[in-house]
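Okay, structure first, notes after.
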Amino acid sequence: MAFALTLSELARWVDGDIVRGGLDLSLTGMAALDAASPHDVSFLGNEKYYGQFLETKAAAVIVPRGVTSGPEGTALIAVENPSLAFAVVVRHFAAAVRKFAPGVHPRAFVDPSAVFDPAKVRIQAGAVVLAGVTIGDGSDIGPNSVISDDAVIGRDCRLMANSSVRERCVLGDRVILQPGAVIGSDGYGYEFSEGRHMKIDQVGIVEIGDDVEIGANTSIDRARFGKTIIGEGTKIDNLVQIGHNVVIGKHCLVVSQTGISGSTKLGDYVTCAGQVGIVGHVTIGDKVTLTARTGVTTDLAAGQIYSGKPARPMREAMKIEAYSRRLPKLIDRVKALEKALGDTVAERE
Amino acid sequence: MAFALTLSELARWVDGDIVRGGLDLSLTGMAALDAASPHDVSFLGNEKYYGQFLETKAAAVIVPRGVTSGPEGTALIAVENPSLAFAVVVRHFAAAVRKFAPGVHPRAFVDPSAVFDPAKVRIQAGAVVLAGVTIGDGSDIGPNSVISDDAVIGRDCRLMANSSVRERCVLGDRVILQPGAVIGSDGYGYEFSEGRHMKIDQVGIVEIGDDVEIGANTSIDRARFGKTIIGEGTKIDNLVQIGHNVVIGKHCLVVSQTGISGSTKLGDYVTCAGQVGIVGHVTIGDKVTLTARTGVTTDLAAGQIYSGKPARPMREAMKIEAYSRRLPKLIDRVKALEKALGDTVAERE
Amino acid sequence: MAFALTLSELARWVDGDIVRGGLDLSLTGMAALDAASPHDVSFLGNEKYYGQFLETKAAAVIVPRGVTSGPEGTALIAVENPSLAFAVVVRHFAAAVRKFAPGVHPRAFVDPSAVFDPAKVRIQAGAVVLAGVTIGDGSDIGPNSVISDDAVIGRDCRLMANSSVRERCVLGDRVILQPGAVIGSDGYGYEFSEGRHMKIDQVGIVEIGDDVEIGANTSIDRARFGKTIIGEGTKIDNLVQIGHNVVIGKHCLVVSQTGISGSTKLGDYVTCAGQVGIVGHVTIGDKVTLTARTGVTTDLAAGQIYSGKPARPMREAMKIEAYSRRLPKLIDRVKALEKALGDTVAERE
Numbered sequence: 001m002a003f004a005l006t007l008s009e010l011a012r013w014v015d016g017d018i019v020r021g022g023l024d025l026s027l028t029g030m031a032a033l034d035a036a037s038p039h040d041v042s043f044l045g046n047e048k049y050y051g052q053f054l055e056t057k058a059a060a061v062i063v064p065r066g067v068t069s070g071p072e073g074t075a076l077i078a079v080e081n082p083s084l085a086f087a088v089v090v091r092h093f094a095a096a097v098r099k100f101a102p103g104v105h106p107r108a109f110v111d112p113s114a115v116f117d118p119a120k121v122r123i124q125a126g127a128v129v130l131a132g133v134t135i136g137d138g139s140d141i142g143p144n145s146v147i148s149d150d151a152v153i154g155r156d157c158r159l160m161a162n163s164s165v166r167e168r169c170v171l172g173d174r175v176i177l178q179p180g181a182v183i184g185s186d187g188y189g190y191e192f193s194e195g196r197h198m199k200i201d202q203v204g205i206v207e208i209g210d211d212v213e214i215g216a217n218t219s220i221d222r223a224r225f226g227k228t229i230i231g232e233g234t235k236i237d238n239l240v241q242i243g244h245n246v247v248i249g250k251h252c253l254v255v256s257q258t259g260i261s262g263s264t265k266l267g268d269y270v271t272c273a274g275q276v277g278i279v280g281h282v283t284i285g286d287k288v289t290l291t292a293r294t295g296v297t298t299d300l301a302a303g304q305i306y307s308g309k310p311a312r313p314m315r316e317a318m319k320i321e322a323y324s325r326r327l328p329k330l331i332d333r334v335k336a337l338e339k340a341l342g343d344t345v346a347e348r349e
Numbered sequence: 001m002a003f004a005l006t007l008s009e010l011a012r013w014v015d016g017d018i019v020r021g022g023l024d025l026s027l028t029g030m031a032a033l034d035a036a037s038p039h040d041v042s043f044l045g046n047e048k049y050y051g052q053f054l055e056t057k058a059a060a061v062i063v064p065r066g067v068t069s070g071p072e073g074t075a076l077i078a079v080e081n082p083s084l085a086f087a088v089v090v091r092h093f094a095a096a097v098r099k100f101a102p103g104v105h106p107r108a109f110v111d112p113s114a115v116f117d118p119a120k121v122r123i124q125a126g127a128v129v130l131a132g133v134t135i136g137d138g139s140d141i142g143p144n145s146v147i148s149d150d151a152v153i154g155r156d157c158r159l160m161a162n163s164s165v166r167e168r169c170v171l172g173d174r175v176i177l178q179p180g181a182v183i184g185s186d187g188y189g190y191e192f193s194e195g196r197h198m199k200i201d202q203v204g205i206v207e208i209g210d211d212v213e214i215g216a217n218t219s220i221d222r223a224r225f226g227k228t229i230i231g232e233g234t235k236i237d238n239l240v241q242i243g244h245n246v247v248i249g250k251h252c253l254v255v256s257q258t259g260i261s262g263s264t265k266l267g268d269y270v271t272c273a274g275q276v277g278i279v280g281h282v283t284i285g286d287k288v289t290l291t292a293r294t295g296v297t298t299d300l301a302a303g304q305i306y307s308g309k310p311a312r313p314m315r316e317a318m319k320i321e322a323y324s325r326r327l328p329k330l331i332d333r334v335k336a337l338e339k340a341l342g343d344t345v346a347e348r349e
Numbered sequence: 001m002a003f004a005l006t007l008s009e010l011a012r013w014v015d016g017d018i019v020r021g022g023l024d025l026s027l028t029g030m031a032a033l034d035a036a037s038p039h040d041v042s043f044l045g046n047e048k049y050y051g052q053f054l055e056t057k058a059a060a061v062i063v064p065r066g067v068t069s070g071p072e073g074t075a076l077i078a079v080e081n082p083s084l085a086f087a088v089v090v091r092h093f094a095a096a097v098r099k100f101a102p103g104v105h106p107r108a109f110v111d112p113s114a115v116f117d118p119a120k121v122r123i124q125a126g127a128v129v130l131a132g133v134t135i136g137d138g139s140d141i142g143p144n145s146v147i148s149d150d151a152v153i154g155r156d157c158r159l160m161a162n163s164s165v166r167e168r169c170v171l172g173d174r175v176i177l178q179p180g181a182v183i184g185s186d187g188y189g190y191e192f193s194e195g196r197h198m199k200i201d202q203v204g205i206v207e208i209g210d211d212v213e214i215g216a217n218t219s220i221d222r223a224r225f226g227k228t229i230i231g232e233g234t235k236i237d238n239l240v241q242i243g244h245n246v247v248i249g250k251h252c253l254v255v256s257q258t259g260i261s262g263s264t265k266l267g268d269y270v271t272c273a274g275q276v277g278i279v280g281h282v283t284i285g286d287k288v289t290l291t292a293r294t295g296v297t298t299d300l301a302a303g304q305i306y307s308g309k310p311a312r313p314m315r316e317a318m319k320i321e322a323y324s325r326r327l328p329k330l331i332d333r334v335k336a337l338e339k340a341l342g343d344t345v346a347e348r349e
């Protein structure tokens with residue numbers, strides 16, 4: 001990852017202002033504040049790291065506007081969003097490293113009925129592409145991944161190692177599947193009859209919009225019939241469970257180990273923090289935020305932050321939580337009251 | 001999925017009564033109530049969807065007995081269990097679509113010592129079947145799945161993409177592994193000695209009964225020695241963790257993201273809703289239901305519903321939960337009492 | 001697993017004292033207390049099983065020092081740690097069964113630029129080893145596993161079926177990946193800009209120390225830049241999520257379904273029981289124990305046991321939990337006080 005650029009080039013790329021430092025300062029690497037060497041660029045993305053910032057050995061640091069001083073001798077570039085600016089730097093250099101060599105690896109298996117342009121698609125070793133699959137230009141089908149019958153993969157997608165797309169599921173453009181992700185597993189649907197759980201065939205599909213990313217070992221169940229839908233721009237973390245017939249809106253964030261049960265609907269711009277659980281058949285409004293481990297059992301109105309189990313508006317949930325901490329003292333106060341009242345009565349008798 | 005049947009044929013298949021509609025009404029598709037077109041069959045499986053029922057455009061709806069009216073012009077067929085009846089319809093037509101072509105794909109690897117009838121078993125591209133494996137007739141070994149040494153797979157099983165069965169594990173008949181499921185990973189067993197955790201070899205197996213289904217990316221650990229057992233007819237959802245030496249009875253339901261620690265025993269017909277956690281070495285009686293996210297730390301008696309962490313009979317858990325909500329008011333009442341008592345005392349002085 | 005040894009040989013292996021039984025007693029198998037036959041060795045590893053111990057049919061039982069009597073006719077060997085001693089027995093015999101045949105399977109794909117000694121490394125059927133990978137002697141690369149570009153695998157590692165190591169990640173010696181484990185998935189990093197979540201490239205790696213074990217379907221994200229680090233001797237269970245830039249110390253235990261968010265640091269000898277959740281950017285001291293399902297939101301001091309959400313010292317968490325159970329009675333007491341005070345006032349009026 002070695003590279004070289006000058007401070008003035010860096011400022012231009014990230015659309016930032018040089019607060020301090022020579023225009024020709026040479027930068028040859030990038031690192032976190034506490035790991036940076038005297039030729040590295042770093043960034044201050046979170047005020048939590050201000051202490052590290054003051055002690056960094058970085059040659060230059062991308063800082064939020066308003067920061068005008070720092071460790072002696074360190075160049076500073078001010079931007080609106082240092083984390084995003086740093087991402088631009090990283091992407092620029094990573095692009096030079098990344099290689100996309102189209103073609104079907106001799107150790108991949110591709111059914112002759114699959115439709116794609118081998119001059120524009122990469123199918124890596126051990127990948128299995130079954131009958132009737134369609135793959136858009138620019139897509140990269142990773143090693144030992146599986147795309148089952150009649151699935152449709154859009155353009156510029158990236159399916160990583162050991163990921164699986166089951167039959168007839170549809171991925172939009174620029175969809176990323178991290179390793180081990182499963183798209184289109186059967187929904188968990190049974191009917192109880194004569195002492196046994198009878199499997200209900202799950203004949204629907206999963207439909208994933210453009211620019212969606214699905215984390216490692218996450219599973220998204222196909223609809224019983226119809227579609228499980230993940231809206232455009234939504235980002236799903238690792239080890240998340242999405243049940244059958246769930247509909248997730250656009251630009252949502254669903255953090256690791258969250259579980260969303262069957263037929264639940266999320267609006268747009270919903271955030272589920274880690275380990276959230278949502279029952280089936282409820283509706284979550286647009287721009288709702290669920291804090292970590294919230295347990296949702298009912299519909300939730302748009303635009304609010306919810307916490308706790310059962311989910312309540314965060315302020316209320318925090319109040320109950322705070323009052324719980326006061327319980328031991330409350331019990332003491334009641335004890336004191338009982339004694340005082342006893343004394344009062346006794347005195348008068 | 002286009003097909004055509006008459007209302008009278010449909011009634012016969014699902015063993016239902018025609019409440020309304022012409023015997024020769026032609027039905028050519030199937031869909032959910034809110035997505036149905038004027039030639040589709042649909043069903044009312046949950047009273048939550050009664051509103052959608054009243055506005056559906058479906059040609060015919062399978063309804064619970066007792067429902068005698070509905071949207072104008074829509075045919076109605078009454079049955080005991082509409083959801084199950086609809087599953088019969090779906091299965092009937094899906095069967096026409098599904099294809100089972102036996103044979104070993106040239107891109108599969110099968111050790112010569114594996115025992116199975118290639119005229120009756122399907123081994124798909126990229127599957128790896130190692131030494132001494134036995135596979136029963138009618139089984140379908142999916143793309144890039146792995147069956148390790150000496151494992152035994154029953155008849156009519158279906159191992160989906162990227163699933164793994166480790167050495168010596170035993171699957172009954174009609175077992176389904178969704179993509180990424182892992183059977184027989186090592187149990188989490190270590191002994192602490194001289195500052196290090198020493199691995200305890202896990203030499204037992206996993207034994208799975210007939211008609212069991214295992215969800216996507218679920219992991220079931222092999223026994224330290226002896227067996228981890230999943231009883232006949234039990235259905236396990238996605239991303240579930242089953243520890244070593246766990247014994248799960250027959251016809252249980254274990255919903256997504258539940259974790260069951262080592263050596264715990266579940267009776268028959270136990271239901272664990274989503275995100276439940278159960279410690280090791282406890283026993284859960286027959287027909288116990290654990291509501292979502294229940295945390296079990298002790299043995300639980302049969303036939304009851306439990307909630308909360310630690311798990312309590314649901315009624316009790318709900319009472320404590322309800323009382324927690326009343327805490328802020330309770331504190332106000334104690335404050336009022338303190339004031340009143342103070343006044344009383346002051347008045348008398 | 002049949003074998004034969006004498007009681008005196010057994011005592012020597014486990015460094016134990018024969019409490020009872022003939023030196024030449026022949027032992028031909030091993031089993032749990034309740035499953036043992038009259039020629040088996042068993043062990044009493046947990047006092048919970050004392051009842052089973054009294055009724056076992058085992059020929060010999062390895063017991064903790066201090067146990068001097070048992071079921072009639074059963075030989076006893078006393079040791080410090082019976083579970084560890086039994087592991088020695090199991091390992092001894094399992095070693096005879098296990099086979100390590102080095103060589104590259106003709107159905108594996110190995111890029112010509114990969115560096116390893118084919119006489120000392122085993123690469124199984126369907127494994128994919130990409131450009132620039134290095135593999136140490138004695139390592140076993142399992143069926144359908146994937147090692148991406150420039151990754152480094154130490155000596156005597158074992159990568160099981162369908163596991164994935166992404167580009168440039170580094171594994172120490174004797175590292176075990178259970179089936180489906182994912183090392184080096186992209187961290188969950190986005191910046192919100194113009195109504196969309198923009199992906200931040202994750203160009204760092206995962207670095208795993210010696211003697212680490214990673215469970216089935218666990219995912220460990222690569223650093224945004226720099227390293228996600230798992231310290232030497234740490235054991236991670238199934239379905240665990242480790243976020244980007246997390247640093248876990250040496251000899252930690254991270255039990256199933258735990259999630260650790262980005263940039264959090266754990267000291268050495270930390271234990272996370274099942275289903276724990278830890279937010280990002282906090283620091284957990286050495287030798288901290290988090291009980292099952294603890295939710296950590298702040299830094300935690302070393303050497304203590306924490307429980308609850310938010311995490312508190314266990315004693316405090318248990319007190320609050322116990323007081324919650326007393327809430328219904330407390331409300332009754334307040335009601336009684338209100339009535340008594342009312343009566344007192346009324347009486348005086």
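Protein chains in written order, with the working numbering: chain P, 1 to 349; chain S, 1 to 349; chain E, 1 to 349. Backbone N, C-alpha and C fix where the C-beta goes; we use that ideal spot for every residue, glycine too. Quick caveat: nothing in here was measured; it's all calculated off a predicted structure.
Using 8 Å as the threshold, is the C-beta distance between residue 103 (chain P) and residue 118 (chain P) below it? yes
Quick one: any contact between the segment 170-179 of chain P and the segment 153-160 of chain P, if contact means 3 or more CB pairs under 8 Å? yes
Chain P beta carbons: is any one of them nearer than 8 Å to that of residue 373 (chain E)? No answer is possible for residue 373 (chain E): the residues shown for chain E start at 1 and end at 349.
With DSSP collapsed to three states, give me the class of residue 160 (chain S). Correct three-state label for residue 160 (chain S): coil.
Where residue 154 (chain E) meets chain S, residues with beta-carbon distance less than 7 Å: In chain order: nothing, as chain S lies at least about 16 Å away.
Is the separation between the beta-carbon of residue 228 (chain E) and that of residue 214 (chain E) shorter than 8 Å? no
Contact list for the segment 312-340 of chain S against chain P, Cβ threshold 9 Å: 321, 324, 325, 327, 328, 330, 331, 334, 335, 337, 338
3-residue-minimum beta strand (DSSP E) runs that sit fully inside the segment 256-324 of chain E, ordered along the chain: 305-307
Residues of chain P with CB under 8 Å from residue 83 (chain S), in chain order? 191, 200
Excluding the five sequence neighbours on either side, which residues of its own chain have a C-beta within less than 7 Å of the C-beta of residue 55 (chain S), listed in chain order? 71
Which value, in whole angstroms, describes the spacing of the CA atoms of residue 91 (chain E) and residue 69 (chain E)? 27 Å
Does the beta-carbon of residue 194 (chain E) have 16 or more other beta-carbons within 10 angstroms, so that it is buried, or is it exposed? Counting every other CB atom within 10 Å of its CB across the protein chains shown gives residue 194 (chain E) a total below 16, marking it as exposed.
Check whether residue 238 (chain S) and residue 218 (chain S) have beta carbons under 8 Å apart: Going by C-beta atoms, residue 238 (chain S) is nearer than 8 Å to residue 218 (chain S).
Cβ-heavy atom distance between residue 228 (chain S) and the ligand SAH below 7 Å? In terms of ligand content, the structure shown is empty, and the ligand SAH therefore cannot be addressed.
Every unbroken beta strand (DSSP E) inside the segment 198-224 of chain S [3 residues or more]: 205-208, 219-221
If we call anything under 8 Å between Cβ atoms a contact, is residue 41 (chain S) one with residue 10 (chain S)? yes
Using a Cβ-Cβ distance under 8 Å, would residue 225 (chain P) count as near chain S? yes
Does any CB atom of chain S fall closer than 8 Å to the CB of residue 347 (chain E)? no
In the segment 119-189 of chain E, which residue ranges form an unbroken beta strand (DSSP E) of at least 3 residues, counting only runs that do not cross its ends? 182-185
Beta-carbon separation (whole angstroms), residue 251 (chain P) vs residue 251 (chain E), contact threshold 8 Å: The Cβ separation is near 42 Å, so there is no contact.
Does chain A have any CB closer than 8 Å to the CB of residue 215 (chain E)? Absence of chain A from the displayed structure is noted, the protein chains being P, S and E.
How is the alpha helix (DSSP H) around residue 11 (chain S) delimited, first residue to last? Its alpha helix (DSSP H) spans residues 7-13.
Give a yes or no on contact between the segment 278-286 of chain S and the segment 251-268 of chain S, applying the rule of three or more CB pairs nearer than 8 Å. yes
Just to confirm, are residue 180 (chain E) and residue 164 (chain S) a CB contact at a threshold of 8 Å? Going by C-beta atoms, residue 180 (chain E) is nearer than 8 Å to residue 164 (chain S).
In terms of alpha-carbon separation, which member of S:267, S:153, S:340, S:84 lies closest to residue 286 (chain S)? S:267
Please classify residue 377 (chain E) as buried or exposed, where buried requires at least 16 neighbouring CB atoms within 10 angstroms. Here chain E comprises residues numbered 1 to 349, so residue 377 (chain E) is not present and cannot be evaluated.
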